[in-house]
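> As you go down the protein sequences, you meet chains A and B in turn.
Residues 61 to 566 (our numbering) are what the first sequence spells out, left to right.
Residues 61 to 566 (our numbering) are what the second sequence spells out, left to right.
Even glycine gets a Cβ: it sits at the ideal position worked out from N, Cα and C.
Structure provided below as structure tokens; questions to follow.
Number of protein chains: 2
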Amino acid sequence: MAANAMLRRLLHTAARRNPKYSTRSISYKANHMPLTLNDINPALLKVEYAVRGELAIKAELYAQKLKTDNHELPFDRIITANIGNPQAKGLDQKPVTFSRQIAALTEYPELCEVAKDLFPSDVIARAKELNAEIGSVGAYSHSQGVPIVRKSVAKFIAERDGYPADPESIFLTAGASEGVALLINMLISAPGDGILIPIPQYPLYTATLAQYRGVPIPYLLDEAKEWATDPASVEEAIQKALKEGTKPKGLVIINPGNPTGSVLPESIMKQLVDVADRYGLVLLADEVYQDNLHQRPSQPFVSFKKVIGSSGSKVPLVSFHSISKGVSGECGRRGGYFETFNISPEINSLIYKMRSVTLCPPLSGQVGVECLVRPPKAGDPSYDLWKKETDAIHEALANRTKVMAERLNKMEGVSCVDSPGALYLFPQIRLPKKAHEAAAAAGKAPDAFYSLALLDETGICTVPGSGFGQAEGTLHYRLTCLCEGVDEYVGKLEKFHKGFLDKYRD
Amino acid sequence: MAANAMLRRLLHTAARRNPKYSTRSISYKANHMPLTLNDINPALLKVEYAVRGELAIKAELYAQKLKTDNHELPFDRIITANIGNPQAKGLDQKPVTFSRQIAALTEYPELCEVAKDLFPSDVIARAKELNAEIGSVGAYSHSQGVPIVRKSVAKFIAERDGYPADPESIFLTAGASEGVALLINMLISAPGDGILIPIPQYPLYTATLAQYRGVPIPYLLDEAKEWATDPASVEEAIQKALKEGTKPKGLVIINPGNPTGSVLPESIMKQLVDVADRYGLVLLADEVYQDNLHQRPSQPFVSFKKVIGSSGSKVPLVSFHSISKGVSGECGRRGGYFETFNISPEINSLIYKMRSVTLCPPLSGQVGVECLVRPPKAGDPSYDLWKKETDAIHEALANRTKVMAERLNKMEGVSCVDSPGALYLFPQIRLPKKAHEAAAAAGKAPDAFYSLALLDETGICTVPGSGFGQAEGTLHYRLTCLCEGVDEYVGKLEKFHKGFLDKYRD
Chain A
61 MAANAMLRRL LHTAARRNPK YSTRSISYKA NHMPLTLNDI NPALLKVEYA
111 VRGELAIKAE LYAQKLKTDN HELPFDRIIT ANIGNPQAKG LDQKPVTFSR
161 QIAALTEYPE LCEVAKDLFP SDVIARAKEL NAEIGSVGAY SHSQGVPIVR
211 KSVAKFIAER DGYPADPESI FLTAGASEGV ALLINMLISA PGDGILIPIP
261 QYPLYTATLA QYRGVPIPYL LDEAKEWATD PASVEEAIQK ALKEGTKPKG
311 LVIINPGNPT GSVLPESIMK QLVDVADRYG LVLLADEVYQ DNLHQRPSQP
361 FVSFKKVIGS SGSKVPLVSF HSISKGVSGE CGRRGGYFET FNISPEINSL
411 IYKMRSVTLC PPLSGQVGVE CLVRPPKAGD PSYDLWKKET DAIHEALANR
461 TKVMAERLNK MEGVSCVDSP GALYLFPQIR LPKKAHEAAA AAGKAPDAFY
511 SLALLDETGI CTVPGSGFGQ AEGTLHYRLT CLCEGVDEYV GKLEKFHKGF
561 LDKYRD
Chain B
61 MAANAMLRRL LHTAARRNPK YSTRSISYKA NHMPLTLNDI NPALLKVEYA
111 VRGELAIKAE LYAQKLKTDN HELPFDRIIT ANIGNPQAKG LDQKPVTFSR
161 QIAALTEYPE LCEVAKDLFP SDVIARAKEL NAEIGSVGAY SHSQGVPIVR
211 KSVAKFIAER DGYPADPESI FLTAGASEGV ALLINMLISA PGDGILIPIP
261 QYPLYTATLA QYRGVPIPYL LDEAKEWATD PASVEEAIQK ALKEGTKPKG
311 LVIINPGNPT GSVLPESIMK QLVDVADRYG LVLLADEVYQ DNLHQRPSQP
361 FVSFKKVIGS SGSKVPLVSF HSISKGVSGE CGRRGGYFET FNISPEINSL
411 IYKMRSVTLC PPLSGQVGVE CLVRPPKAGD PSYDLWKKET DAIHEALANR
461 TKVMAERLNK MEGVSCVDSP GALYLFPQIR LPKKAHEAAA AAGKAPDAFY
511 SLALLDETGI CTVPGSGFGQ AEGTLHYRLT CLCEGVDEYV GKLEKFHKGF
561 LDKYRD
């Protein structure tokens, strides 16, 4: 049933690309006319979100099929390398025990009494503190988030940056995406307003810009320099946009990068702040991967809050963080926050009003944020296990990223920047002319054609580079570094790649 | 600090009503210009959400003040009667044990083994079933929601209505609001598109219509007939809108009503479906109070799905439900769903795409939905406690509603429909001329003036009728029936009301 419905959808998605609908009628519909795409906000029709697009839907069909006998597929499991979802089935990154123990004790506080021997004393104490402050996690909280959690976030930021943070400027959210969507909805105020986004970018940005009728203003990252951000390119993109009648309102920086994994040096950040300042842009700093650093001593994370705050710059900043990434990996709990800085009280008041319409972020996510920003300290009963678990996740991710990049770079026609941050690799692939022709014949972009073939043959689900944007004439795909058993996984990739090249060799 | 920031906001909200900003500049801003309201999407400036508006913000200031010594306020606690938040501090409706035990065991599955004697065997079994299906609640789920939960929802609907439901037409959400916002965003496709909403309405609808630039098309509920919905009034509103160049796209029905508590009879529902059919409207059925019925045998809940499904009507329907209301009251977990019916596969596909951009609803809310729609059955080890707890909540709410309505009706100049459903009363108040004059002098609507005075004197926070809409020349306020100790609570109301009338008596 599920598979059939999915198939229907795929077919209808195809049909949508070739619409036969007449132009929009001004009068209301006659009796019994069904609702058609003609009746729908055209902005939503333009939204694309490749991370959960055609490949993900096909992978889900295969996953259903694998549950049946005689499925006749050439693989026995799906590897969901398309999305940074560490705790997904098959990847199974273990949640951090401290965080889950607190979650259980806030959901069912009776356990603090009847099962207290099952939990470390600091966990019990923290849960009691949260339960006293929050009341019930089944109650709506303050629309900005529980005050005690916002205080913990502000303290975390202040300690990270050596620069103060105000709990009243913290807005908890259901993951970072919710905050990004609100800010884009706010900043796009008239036709022709645009937001600068990196290329390649995380497709949330183009999807949300499409939804809110904003113009994406792309600036290209430099693959030859390990996906460096060049402030001059950003400025060129602004100048080009202005000439074309687009008004830049905001500048999105993803640091560490997604899908690139690059980590910005402070010197470049200062120049980017200067560009934002000169053109009156709001800086939207997507910093959800700030704790995913594989070359920490040489490539540390510096926050835009620190750069802007410590320089006395007046550039308006909104920075985003999340419990979904890092070593927390708690995607399903939907927790995150954004901090506003150099934003006036009346704009903060507007943000508060808009957040209040959605009532409040999920309390489970808010408790997750508390655990992320205020983990056990050395000497606490929970500390040793927390340290062991989080170190192991950091180490495994760094090792996998390194090994995968090395092996990808050894494949014919593949070059891959060894990401110093985030959860992904974004290899470039050079495909023979015959592969391009076969893709065109199948009505697919060459990278989508490659990724679909990879899925069909190996069960590995990735996202084609066209979903993120890429320099003209180049082809990439994004894959996560979350799958254990790199040997088997990359072995499948290598075998597929060789076979693909052999099949289409010129 | 929190109080000061709130105060700043209040002042800035006031400032916003008297803007001094110059008209929008076409060129980009000069250096160092701060972000102003001028740069913000004007649609968002128009959003109003009274449930968390001026009164709620003032109540929060008072709550902070109450924590200080010598606060000099004439009350010692805030009664948050402004919002249907049963588990809020001070109201403290206990969560249903079954639901919270399942939550704890999905957050921290180890407890299924190490603490199994602390949980009934059916709870352990259910948690294991969910954990096996979901994997980790820290992983993104399917964007429509976990398949097993959608199956449970479909079964619940089918059993409720005696009419089948398809898990592929169920979309889990973070509370009902998220689904409502998406549908309104979808249906408002061009300037002049509108949605029919009842007056009084739940302000989510006007807020979301303002956000997405839709026109609210009001139809008046009949207070003299216990807030009945008259299909002829709906049709009149449609005709009026068409004459004014507004194109009706959807019809919102809140059943049981919010703030009115009225419960629709099936005969009226059939006529409303007929109106939707004749004018090609999508019926948006807000049915989040379907389990809050105080006069169940005489005024039962009938779903629009049943009415439309069993009649073979082709009217497109989207119906919303939530774990926030009913006896679950789990507002903070942000769980809900909507079901689409008579909606084409390509529209469902579009909805799926839009849901996928937000990745997935919070797993904690999804697990909450599972517990709501699939509670313990008679004979299960958990059943007796579940029955006892939920019966007690139903009974207390029905009793409080009845007693409060009786006592409100005895107050001078007050008339109040005894709500047969939902969580609220919406009394009408007739105020003396001098009170109207004092309100005008204070720059407030008379009902807001009354509600503010009530808060200042008693700490009871309500929402003025103007936040919901009301027939011209009438005044109301909404208060929840969630506060225990009705005697003390209504006693305060009575004393205040008498004093207010005496003060302003003509």
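1) At a Cβ threshold of 8 Å, is LYS494(A) touching chain B?
2) Hey, how far is the Cα of TYR81(A) from the Cα of ARG273(A)?
3) With a cut-off of 8 Å, does the C-beta of TYR564(A) fall near any C-beta of chain B?
4) By the criterion of Cβ-Cβ separation under 9 Å, what are the contact partners of SER424(A) in chain B?
5) Please state the DSSP three-state secondary structure of PHE231(A).
6) For a test of the three-state rule: what should DSSP assign to GLY481(A), helix, strand or coil?
7) Span of the beta strand (DSSP E) holding GLU399(B)?
8) Where does GLN488(B) sit, in a helix, a strand or coil, going by DSSP?
9) Could you have a look at SER293(A) and say whether DSSP puts it in helix, strand or coil?
10) Please confirm whether GLY317(A) has its beta-carbon closer than 8 Å to some beta-carbon of chain B.
11) Is the separation between the beta-carbon of GLY386(B) and that of LEU432(B) shorter than 8 Å?
12) Would you mind working out which of SER237(B), LEU232(B), THR233(B) and LYS211(B) sits nearest LYS225(B), comparing C-alpha positions?
13) Cα separation between GLY473(B) and PHE216(B)?
14) GLY425(A) lies in the alpha helix (DSSP H); which residues open and close that run?
15) In or out: LYS558(B) buried (at least 16 other Cβ within 10 Å) or exposed?
16) Between PRO276(B) and chain A, is there a C-beta pair that is closer than 8 Å?
17) Quick check on this structure: which residue in ASN98(A), GLY144(A), TYR168(A) and LYS437(A) has the alpha carbon closest to the alpha carbon of PRO319(A)?
18) Please check if any C-beta of chain A sits within less than 8 Å of the C-beta of LEU269(B).
19) Helix, strand or coil: which one does DSSP assign to ILE86(A)?
20) List, from N- to C-terminal side, the beta strand (DSSP E) runs of 3 residues or more that fit wholly inside the stretch 339-370 of chain A.
21) For LEU104(A) versus ILE407(B), is the C-beta distance shorter than 8 Å?
22) What did DSSP end up calling SER201(B) once you bin it into helix, strand or coil?
23) Using a Cβ cut-off of 8 Å (strictly closer), state whether LYS285(B) contacts chain A.
24) Could you list which residues in chain B have their beta carbon closer than 8 Å to that of PRO94(A), in chain order?
25) Let me make sure I understand the geometry here. Which of VAL294(B), ASP182(B), ARG160(B) and GLU466(B) has the alpha-carbon closest to that of ASP337(B)?
26) Just to confirm the assignment, what range does the alpha helix (DSSP H) spanning TYR510(A) have?
27) Evaluate THR540(B) with the Cβ neighbour count: other Cβ atoms within 10 Å of its Cβ, from every protein chain shown; 16 or more gives buried, anything less gives exposed.
28) May I have the straight-line CA-CA distance separating GLY113(A) from GLY533(B), to the nearest angstrom?
29) To the nearest angstrom, how far is the alpha carbon of TYR397(B) from that of TYR412(B)?
30) PRO155(A) touches chain B at which residues, Cβ-Cβ below 8 Å?
31) Apply the 10 Å Cβ neighbour rule to SER87(A) and answer buried if 16 or more other Cβ atoms are within range, or exposed otherwise.
32) Find the residues of chain B that neighbour GLY389(A), judging by a C-beta separation of less than 7 Å, and give them in chain order.
33) By DSSP, does VAL312(A) sit in helix, in strand, or in coil?
34) Would you tell me roughly how many angstroms separate the C-alpha atoms of LEU100(B) and ILE248(A), rounded to the nearest one?
35) Can you give, in chain order, each stretch of the alpha helix (DSSP H) that sits fully within the stretch 110-154 of chain B and has at least 4 residues?
36) What does the alpha-carbon distance come out to for the pair LYS330(B) and GLY372(B)?
According to the structure shown:
1) Not one chain B Cβ lies under 8 Å of LYS494(A).
2) Legend: pLDDT at TYR81(A) = 30, less than 50; position of this residue unreliable, no value from coordinates given.
3) It does not: the Cβ of TYR564(A) has no partner Cβ on chain B nearer than 8 Å.
4) Those are ALA163, GLU167, VAL197, GLY392, ARG393, ARG394, PRO422, LEU423, SER424 and GLY425, listed as they occur along chain B.
5) Three-state result, PHE231(A): strand.
6) If DSSP states are grouped into helix, strand and coil, GLY481(A) belongs with the strands.
7) Where GLU399(B) is concerned, the enclosing beta strand (DSSP E) starts and stops at 396-401.
8) DSSP places GLN488(B) in the strand class (E or B) of the three-state scheme.
9) Here SER293(A) carries a helix assignment [DSSP, helix/strand/coil].
10) No, GLY317(A) does not count as interfacial toward chain B.
11) Result yes, Cβ atoms of GLY386(B) and LEU432(B) sit closer than 8 Å.
12) It is worth fixing the name first, because residue 225(B) is Ala in this sequence and not Lys. The shortest C-alpha separation from ALA225(B) is found at LYS211(B).
13) For GLY473(B) and PHE216(B), the gap between their C-alpha atoms comes out near 44 Å.
14) From DSSP, the alpha helix (DSSP H) with GLY425(A) extends over 423-433.
15) When all chains shown are included, LYS558(B) counts as exposed.
16) Not one chain A Cβ lies under 8 Å of PRO276(B).
17) With distances taken between Cα atoms, PRO319(A) lies closest to GLY144(A).
18) At least 8 Å separates the CB of LEU269(B) from every CB of chain A.
19) Low confidence applies to ILE86(A): its pLDDT is 34, below 50, so where it sits in the model is not reliable enough to give any reading.
20) For the stretch 339-370 of chain A, the full-length beta strand (DSSP E) segments reaching 3 residues or more read 342-346 along the chain.
21) No. Outside cutoff.
22) Note: SER201(B) maps to coil in three-state DSSP.
23) Chain A, which has no Cβ nearer than 8 Å to the Cβ of LYS285(B), makes this no.
24) Here the neighbours are LYS374, PRO376, ASN402 and SER404.
25) Closest option to ASP337(B), Cα to Cα, is VAL294(B).
26) Its alpha helix (DSSP H) spans residues 506-518.
27) Buried: at least 16 other Cβ atoms inside 10 Å.
28) Spanning the alpha carbons of GLY113(A) and GLY533(B) requires a straight line of approximately 53 Å.
29) Computed Cα separation, rounded: 13 Å.
30) The answer, in chain order, is SER196 and GLY198.
31) Any reading at SER87(A) is ruled out, since the residue's pLDDT is 41, under 50, leaving its predicted position unreliable.
32) In chain order: GLY198.
33) The answer is strand: DSSP assigns VAL312(A) an E or B state.
34) A small correction: the amino acid at residue 100(B) is Ile; Leu does not occupy that position in the sequence shown. Distance between the alpha carbons of ILE100(B) and ILE248(A): 7 Å.
35) Here the runs fully enclosed are 114-126.
36) Rounded to whole angstroms, the gap between the alpha carbons of LYS330(B) and GLY372(B) is 12 Å.
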